[in-house]
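Peer 1: Below is the structure I would like to discuss, written out as structure tokens.
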Amino acid sequence: MAMTETQDRIAPRSDLSGTELQDLLRRMIAARTFSSRCFSLQRQGRIGTMAPIDGAEALVVGAAAALDPARDWVLPQYRELHGLLRFGEEVLETTIRYLRGDPAGGHFPAPIRIWPPQIALAAQIPQAVGLAWGMKLRREEGVVLTFFGDGATSEGDFYEGGNFAGVLRAPVVLLCNNNAWAISTPVRLQTAAESFAAKAAAFGIPGELVDGRDVLAVRDAVARARERAVAGDGPTLIEARAYRLGPHTTADDPSRYVPPGELEAARQRDPIDLFRRELEAAGVWNAGLEEEAKRDADARFDRALAAAEAVAIEPDSLFEHVYASPTARMERQRRQLLDGLGDRGAGGEERR
Amino acid sequence: MAMTETQDRIAPRSDLSGTELQDLLRRMIAARTFSSRCFSLQRQGRIGTMAPIDGAEALVVGAAAALDPARDWVLPQYRELHGLLRFGEEVLETTIRYLRGDPAGGHFPAPIRIWPPQIALAAQIPQAVGLAWGMKLRREEGVVLTFFGDGATSEGDFYEGGNFAGVLRAPVVLLCNNNAWAISTPVRLQTAAESFAAKAAAFGIPGELVDGRDVLAVRDAVARARERAVAGDGPTLIEARAYRLGPHTTADDPSRYVPPGELEAARQRDPIDLFRRELEAAGVWNAGLEEEAKRDADARFDRALAAAEAVAIEPDSLFEHVYASPTARMERQRRQLLDGLGDRGAGGEERR
Amino acid sequence: MPVMNMVQAINATLHEEMARDDRVVVFGQDVAVNGGVFRATEGLYDRFGGERVVDTPLAEAAIVGAGVGLGVAGMVPVAEIQFLGFAYQAFHQIVGQMARLRYRSSGRLTVPIVVRAPFGGGVRTPELHSDSIEAQLANCPGLKIAMPSSAADAKGLLAAAIRDPDPVLFLEPLRGYRAIRDQVPEGEHLVPFGEARTVRGGDDVVIVAWSYMVEIARRASVELEQEGIAARVLDLRTIVPLDTGAIREAVEACGRAVVVQEAPETAGFASEVIATINDEAFYSLEAPVARVSGWDVPYPVGLLEDYHVPNVERVVAAVRRALQ
Amino acid sequence: MPVMNMVQAINATLHEEMARDDRVVVFGQDVAVNGGVFRATEGLYDRFGGERVVDTPLAEAAIVGAGVGLGVAGMVPVAEIQFLGFAYQAFHQIVGQMARLRYRSSGRLTVPIVVRAPFGGGVRTPELHSDSIEAQLANCPGLKIAMPSSAADAKGLLAAAIRDPDPVLFLEPLRGYRAIRDQVPEGEHLVPFGEARTVRGGDDVVIVAWSYMVEIARRASVELEQEGIAARVLDLRTIVPLDTGAIREAVEACGRAVVVQEAPETAGFASEVIATINDEAFYSLEAPVARVSGWDVPYPVGLLEDYHVPNVERVVAAVRRALQ
Ligand SMILES: Cc1ncc(C[n+]2csc(CCOP(=O)(O)OP(=O)(O)O)c2C)c(N)n1
Ligand SMILES: Cc1ncc(C[n+]2csc(CCOP(=O)(O)OP(=O)(O)O)c2C)c(N)n1
Ligand SMILES: [Mg+2]
Ligand SMILES: [Mg+2]
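Protein chains in written order, with the working numbering: chain Z, 354 to 705; chain U, 354 to 705; chain W, -8 to 315; chain L, -8 to 315.
Right, dumping it as structure tokens:
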């Protein structure tokens, strides 16, 4: 496929090389592949509840592409991890471990600058602002980007954090993944605001609405926001508008609430399809590359899964990382746990 | 003073009669008098910490003037009560009882539609929205108005409540008393937003900036907001801009942080002086009326204070109004308290 | 009497109470069209309409705060917090506001609200979904806290909560939604607050528990019976108000006690039960009260939760300890 | 050794720690130009400048949340919550986030933050300013909780808290800011966490307390001495970690115990102390542990607070009860 490697840019849409464009599409395909594989694992009972990325690939991959993994931090919500492998291949294994319920699943190994998924909606936003503030105090070059959903914007933490960011001029990018739904709640019941980007007015910071299905548009918007942040001009709120192309999580049944036809219509504008068509038209993509991208993603997933599932969990790892060192009471509890277990493993009363 | 009673309106500034205009000024003078009297009581150790109204008289009295006390509810912060006697003369006695530390000080007797002062900043905002929502569900005619400070707008409750109000189209008026300070924190450190009114964009509701020193302007703005609310057009955020013409509370020393000259400059635009001059110029106010207004306010305060201080507090009123009826454990505790007291009164270890 | 699981009993009770009293309003995240993420509010939206069954924005503090206002307006608010661990987001409204408005207004403004929330582990939920925080709430005067362990009690306590003039937290064991099934009385069924229930008789030792831990205690008691140990099981049903009398009587009768909670050990509600036993029945105690708890760690991830949540084995071991 | 009141000791310690470690950042409401509403941060802004001493917007959750981020960035955050009752606004960030980031990230991301807050009654503050909520926080694993009762300990525990790699809540008794005065060691002075202090000796009964209640216990002990009763006073200093060994030894030595707390009785930390005594020293007990608490009511208004907060008389009465 060396042909495409030498392909020209698809001006005026982007100043990226063909290779770079391919790389974006590959990452999007991989993100969906990884996510779908996890969905199946959940159905097989091998991992817990998970939130598929479907529909958010462009906005996650586009945002990641605008960041500097050596300098910038990402604070995810919970739907983006499969699209963040630009920060390191280990992101995938860690994510699988997270979904398996492995305590180390929240530990993205250094130097990967990714925080654990955030379950408490919007709680990571003030943290992202504080991290950015700290980087500014330490005169570091990087920025912090945090993802959150349309639903998360209703939480006090979003507003308090956004307002803090404005006052502190923290180098942070607040990226709202507006996928039209918060579980079953549509955006119109989430806010009467004109857009989520419009909420930037409450913080006195720039707000930008971008097509979240367009990986290049997202990449550009985040790049601009990053530049402003690094230049000392403070935070940006970006609303990337897309659509959740599936259930909220493995536990959700959208047929209960999504109006008939809406999902099908949204699938017509699947971000992967849109970008694939564009690259095909520009001559930098073809069926062979597609095939290869999928095969590659599957292979990587197989490797990561094997590694993740090979991990044995020690029962008393319960007591680790609560504090730098456990309290005396916890040590007593650890002994109680181990004494009780003997060599019989967990009590597992449900199994009786 | 019958002369002024027949005086004409001061068009084009207002469609109010001379009597009505005098009434507004009398209420402003009374508010400041009541507040100053309380300040002195605190210095004498007769009441606890209090927050003077100085500088907020126009915005409180103006807002109250636009409401219908028989139908509308007010949820105050803590600085407005001395200006809310339009809702009933008993507001004053209750307020003094509140400041004395009398448990009934939060009970504005029916039919007065005022909630107890709110100490936890912004916490009353979602409550005001819920109350308005309930009134709408019950097809009542009234609206809810809540006061809160510039500082309170940084709390999650302000944003969550405002956003709820927008979605529910609740008949509520959110009135921000921007007095330039939150204790020692100036507005510029509170938010980078252009104004507090601009935060309405985050809720998709109208936001209006009004001169909080101008009682007529505030009255008009609140009247418009009330009309919209009653018509089913939902909430309004109003920022009334004034200046805190004194310490935050009896416990505060603003000379530690207010830039020299700023307070003096603000005093040049004291809302009472501004309105007095305007009414004098229109011929509806004079020194005699001023004198009478102050005398009247003092007399009312004396009466309210005497009534408030005549109240004897039963120690075991501690256990009342926690629940509709106390739990068995509380009844046991009540007996313990009374047994312990014997006829000696409170133990008062500090007095030993 | 029909057999129902707990979530069915809750759903049926919401239907009955909404039909009985048109002031009842159900609101929260995903409770309307979707019928709640566990189907607790299934069918309410279709039956009672969008004014009385409302999907709110995603903001727990505003859900509770708005509920306080709704209550003062004369409605009977029934709010759902999707998982109790997100009640932390609303703690200031629950503890500082909802619990205190009656007190702050000396009885002028009252809030007959119920805040429902599922909690507890054992079903491999993501973090924060499983936290047992009842002790933190029990330390906040002005709240009542109901924690049913059976479908029948879920009905009787929920109906009582909705009719109660005070704010009630109604905490539902996630693990019991489908796993707990029993006969539920038809029609009007009210379980008064502050009355514990003896789930199994016995005079050798009493196991005090609430919510899903009652089920664990019951199974332990069945197992112990085979060893000839008669372990009484006392279900507190509501932790505020607390049935001190029932605790005293049980300890006086048995002389030995075990308290089981899912929450972390330190400052969990089991400590309060032990302190209450100390106050009320110290001289009847023949051995220290044994305490079985979650460990002093954040509620753990899926692969570790079986090592964390008290199970039958740990309760049985604690009973043996208490009998020494 | 200079004599200082508690707020002076806190202020001096903040000065020393900021001078020692330039990663220390102090922030919160009114802490910079105003020096804190109780002057705890007086002089820091002038000395260390506006980058390290920062007035934030009025938002407790964001103060704590931003502190978490600051900590990960490599700073040593020292946040002030103006009154502990407003920590409710930040409960989700304190309990769900700050306390758990080390755990959630399996040690990758750690937060050496201190959150300081005054609390407690006796000084006629407005509502919510006086709430004692330590038990609610103690039920949340991942937090350490220091509650000094003397100026010297305020210094030693605050310095230890700032140097501790984990999140610490440092709770300061409002009433003690000026009323508590004692000799404070100059220079480096660290009080390790989890080591209780015997404030007064005695073998007839032990009074266990923390924070300002230690002072009440001490006065009660002085009064009891005149009746010939030797009441030992044990100051827990930190409630998490808890010095279980010191509690056991004291109860073993005395056989009788009283626990004093300012918080409401139900599910207060006194219950945990009693449960711990039950676990550790049951067979040494000659009588039930007596518990002296605030009542199960919201912290009351000014004219009632003297009837609510435990005083010397109530402690003395409890000691007599414990000695029966
Ligand atoms: C504070 C909090 N409240 C409630 C929930 C339960 N919950 C999980 S996901 C979700 C919807 C989130 O919607 P959105 O922010 O739009 O993100 P999306 O899942 O659509 O990507 C809800 C309500 C939660 N996780 N955290
Ligand atoms: C939630 C909360 N946090 C902190 C405080 C402490 N506090 C009392 S008044 C005040 C400043 C309030 O400023 P603003 O809202 O502008 O009202 P103002 O006093 O200026 O009228 C602060 C921080 C509080 N009462 N509530
Ligand atoms: Mg969404
Ligand atoms: Mg202000």
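Backbone N, C-alpha and C fix where the C-beta goes; we use that ideal spot for every residue, glycine too.
Between residue 569 of chain U and chain Z, is the shortest Cβ-Cβ distance under 8 Å, so that the two count as touching?
Peer 2: The count along the second sequence starts at 1 and reaches residue 569 of chain U at position 216. Taking Cβ atoms only, chain Z never reaches closer than 8 Å to residue 569 of chain U, which makes this a no.
Peer 1: With 8 Å set as the bound, which would you pick, yes or no: does the beta-carbon of residue 180 of chain L sit closer than that to a beta-carbon of chain U?
Peer 2: Position 189 of the fourth sequence, counting from 1, holds the residue named residue 180 of chain L. Chain U, which has no Cβ nearer than 8 Å to the Cβ of residue 180 of chain L, makes this no.
Peer 1: Tell whether a beta-carbon distance below 8 Å holds between residue 551 of chain Z and residue 554 of chain U.
Peer 2: For this step, residue 551 of chain Z is matched to residue 198 along the first sequence. For this step, residue 554 of chain U is matched to residue 201 along the second sequence. Contact flag set, yes.
Peer 1: Which runs of the beta strand (DSSP E) at least 3 residues long sit entirely within the region 48 to 88 of chain W? Give them in chain order.
Peer 2: List check, beta strand (DSSP E) in window: 67 to 71.
Peer 1: For residue 421 of chain U, count the other beta carbons within 10 Å of its own beta carbon; 16 or more makes it buried, fewer makes it exposed. Which is it?
Peer 2: Indexing the second sequence from 1 puts residue 421 of chain U at position 68. By the neighbour-count rule (16 or more Cβ atoms within 10 Å), residue 421 of chain U is not buried but exposed.
Peer 1: Under the three-state reduction of DSSP, which class applies to residue 169 of chain L: helix, strand or coil?
Peer 2: The residue you call residue 169 of chain L lines up with position 178 of the fourth sequence. If DSSP states are grouped into helix, strand and coil, residue 169 of chain L belongs with the helices.
Peer 1: Quick one: list the residues of chain U neighbouring residue 647 of chain Z, beta-carbon separation under 7 Å, in chain order.
Peer 2: Mapped onto the first sequence, residue 647 of chain Z falls at position 294. Residues of chain U passing the Cβ test: none, with the nearest at roughly 42 Å.
Peer 1: Residue 566 of chain U and residue 527 of chain U: beta carbons closer than 8 Å?
Peer 2: Position 213 of the second sequence holds residue 566 of chain U. Position 174 of the second sequence holds residue 527 of chain U. Not closer than 8 Å, so no.
Peer 1: In chain order, what residues of the same chain have a beta carbon less than 6 Å from the beta carbon of residue 170 of chain W, not counting five sequence neighbours either side?
Peer 2: Translated into positions along the third sequence, residue 170 of chain W becomes position 179. Cβ neighbours of residue 170 of chain W beyond the five flanking positions: none.
Peer 1: Would you call the CB atoms of residue 509 of chain Z and residue 52 of chain W closer than 8 Å?
Peer 2: Translated into positions along the first sequence, residue 509 of chain Z becomes position 156. Translated into positions along the third sequence, residue 52 of chain W becomes position 61. Yes, they are a contact pair.
Peer 1: When you measure from the CB of residue 474 of chain U to every non-hydrogen atom of ligand 2, does any distance come out below 7 Å?
Peer 2: Here residue 474 of chain U corresponds to residue number 121 of the second sequence, with the count starting at 1. Yes, the Cβ of residue 474 of chain U comes within 7 Å of a heavy atom of ligand 2.
Peer 1: Is the beta carbon of residue 495 of chain Z less than 8 Å from the beta carbon of residue 425 of chain Z?
Peer 2: Your numbering for residue 495 of chain Z matches position 142 in the first sequence. Your numbering for residue 425 of chain Z matches position 72 in the first sequence. Cβ distance < 8 Å, so residue 495 of chain Z and residue 425 of chain Z count as in contact.
Peer 1: Label residue 274 of chain L either buried or exposed according to how many other C-beta atoms from any shown protein chain fall within 10 Å of its C-beta, with 16 as the threshold for buried.
Peer 2: Translated into positions along the fourth sequence, residue 274 of chain L becomes position 283. Answer is exposed; the Cβ neighbour count stays below 16.
Peer 1: Hey, out of L/45, L/195, L/9, whose CA is closest to residue 391 of chain L's CA?
Peer 2: Nothing about residue 391 of chain L can be read from this structure; chain L reaches only from -8 to 315.
Peer 1: With DSSP run on the structure shown, which of helix, strand or coil describes residue 5 of chain L?
Peer 2: As a first step, residue 5 of chain L must be located in the fourth sequence, where it is residue number 14. Residue 5 of chain L: helix per DSSP, three-state reduction.
Peer 1: Return the CA-CA distance between residue 73 of chain W and residue 368 of chain U, expressed in angstroms with no decimal places.
Peer 2: In the third sequence, counting from the first residue as 1, residue 73 of chain W sits at position 82. In the second sequence, counting from the first residue as 1, residue 368 of chain U sits at position 15. Spanning the two alpha carbons is a distance of roughly 52 Å.
Peer 1: For residue 491 of chain U, which of helix, strand or coil comes out of DSSP?
Peer 2: For the purposes of this step, residue 491 of chain U is taken as residue 138 along the second sequence, with counting starting at 1. Residue state, collapsed to three classes: coil.
Peer 1: Does chain Z have any CB closer than 8 Å to the CB of residue 11 of chain L?
Peer 2: The residue labelled residue 11 of chain L in the question sits at position 20 within the fourth sequence. No - not a single Cβ of chain Z is within 8 Å of the one on residue 11 of chain L.
Peer 1: Can you pull the chain Z neighbours of residue 52 of chain W, defined as C-beta to C-beta under 8 Å?
Peer 2: Mapped onto the third sequence, residue 52 of chain W falls at position 61. In chain order: 509.
Peer 1: Are residue 168 of chain L and residue 117 of chain L touching if we call contact CB-CB under 8 Å?
Peer 2: As a working note, residue 168 of chain L is residue 177 in the fourth sequence. As a working note, residue 117 of chain L is residue 126 in the fourth sequence. No, they are not a contact pair.
Peer 1: Using beta-carbon positions only, say whether residue 119 of chain L and residue 128 of chain L come within less than 8 Å of one another.
Peer 2: By 1-based counting over the fourth sequence, the position of residue 119 of chain L is 128. By 1-based counting over the fourth sequence, the position of residue 128 of chain L is 137. Not a contact, by the Cβ cut-off of 8 Å.
Peer 1: Check the Cβ-Cβ distances between residue 513 of chain U and every residue of chain Z, and say whether any is below 8 Å.
Peer 2: Position 160 of the second sequence, counting from 1, holds the residue named residue 513 of chain U. At least one chain Z Cβ lies under 8 Å of residue 513 of chain U.
Peer 1: Using the DSSP secondary-structure output, state which residues sit across from residue 135 of chain L in a beta bridge.
Peer 2: By 1-based counting over the fourth sequence, the position of residue 135 of chain L is 144. DSSP lists L/159 as partners of residue 135 of chain L.
Peer 1: Counting only runs that start and end within the region 175 to 222 of chain W, where is the beta strand (DSSP E) found for 3 or more residues in a row?
Peer 2: With a minimum length of 3 residues, the continuous beta strand (DSSP E) runs that stay inside the region 175 to 222 of chain W are 188 to 191, 196 to 200.
Peer 1: Would you tell me roughly how many angstroms separate the C-alpha atoms of residue 145 of chain L and residue 42 of chain L, rounded to the nearest one?
Peer 2: Within the fourth sequence, residue 145 of chain L is the residue found at index 154, counting from 1. Within the fourth sequence, residue 42 of chain L is the residue found at index 51, counting from 1. Answer to the nearest angstrom: the Cα atoms are 26 Å apart.
Peer 1: When you compare the CB positions of residue 383 of chain U and residue 646 of chain U, do they come within less than 8 Å of one another, or not?
Peer 2: Walking along the second sequence from the start, residue 383 of chain U turns up at place 30. Walking along the second sequence from the start, residue 646 of chain U turns up at place 293. Yes. Within cutoff.
Peer 1: Compute the distance between the beta-carbons of residue 67 of chain W and residue 103 of chain W, then report whether it is under 8 Å.
Peer 2: For the purposes of this step, residue 67 of chain W is taken as the residue at position 76 of the third sequence. For the purposes of this step, residue 103 of chain W is taken as the residue at position 112 of the third sequence. Taking 8 Å as the Cβ cut-off, residue 67 of chain W and residue 103 of chain W qualify as a contacting pair.
Peer 1: So what's residue 113 of chain W in DSSP terms, helix, strand or just coil?
Peer 2: The residue given as residue 113 of chain W occupies position 122 in the third sequence. It is coil, neither helix nor strand.
Peer 1: Verify the CB distance criterion: does residue 599 of chain U have a CB-CB separation below 8 Å to chain L?
Peer 2: Taking the second sequence and counting its residues from 1, the one referred to as residue 599 of chain U is at position 246. Closer than 8 Å: no.
Peer 1: Specify, as a first and last residue, the run of the alpha helix (DSSP H) that residue 314 of chain L falls within.
Peer 2: Taking the first residue of the fourth sequence as position 1, residue 314 of chain L is located at position 323. Run containing residue 314 of chain L: 303 to 314, per the alpha helix (DSSP H) assignment.
Peer 1: Nearer than 7 Å: is that true of the beta carbon of residue 597 of chain U relative to any heavy atom of ligand 4?
Peer 2: In the second sequence, residue 597 of chain U corresponds to position 244, counting from 1. Yes, the Cβ of residue 597 of chain U comes within 7 Å of a heavy atom of ligand 4.
Peer 1: With a threshold of 8 Å between beta-carbons, can residue 488 of chain Z be considered close to chain L, or not?
Peer 2: Taking the first sequence and counting its residues from 1, one reaches residue 488 of chain Z at position 135. Residue 488 of chain Z counts as touching chain L.
Peer 1: Quick one: does residue 675 of chain U have its CB under 8 Å from some CB of chain L?
Peer 2: Translated into positions along the second sequence, residue 675 of chain U becomes position 322. Yes - at least one Cβ of chain L is within 8 Å of the one on residue 675 of chain U.
Peer 1: Residue 666 of chain U touches chain L at which residues, Cβ-Cβ below 8 Å?
Peer 2: Numbered from its first residue, the second sequence carries residue 666 of chain U at position 313. Neighbours of residue 666 of chain U on chain L, chain order: 294, 295.
Peer 1: Quick check: is the beta carbon of residue 699 of chain U nearer than 8 Å to any beta carbon in chain L?
Peer 2: Here residue 699 of chain U refers to the residue found at position 346 when the second sequence is read from its first residue. Residue placement at residue 699 of chain U is poorly supported in this model, since its pLDDT is 37, which falls under 50; the coordinates still yield a value, given next. It does: the Cβ of residue 699 of chain U has a partner Cβ on chain L nearer than 8 Å.
Peer 1: Go through its chain and collect everything with a Cβ distance to residue 461 of chain U's Cβ below 8 Å, but skip five positions before and after it.
Peer 2: In the second sequence, the residue the question calls residue 461 of chain U occupies position 108. These residues qualify, in order along the chain: 440, 441, 443, 444, 447, 467, 468, 469.
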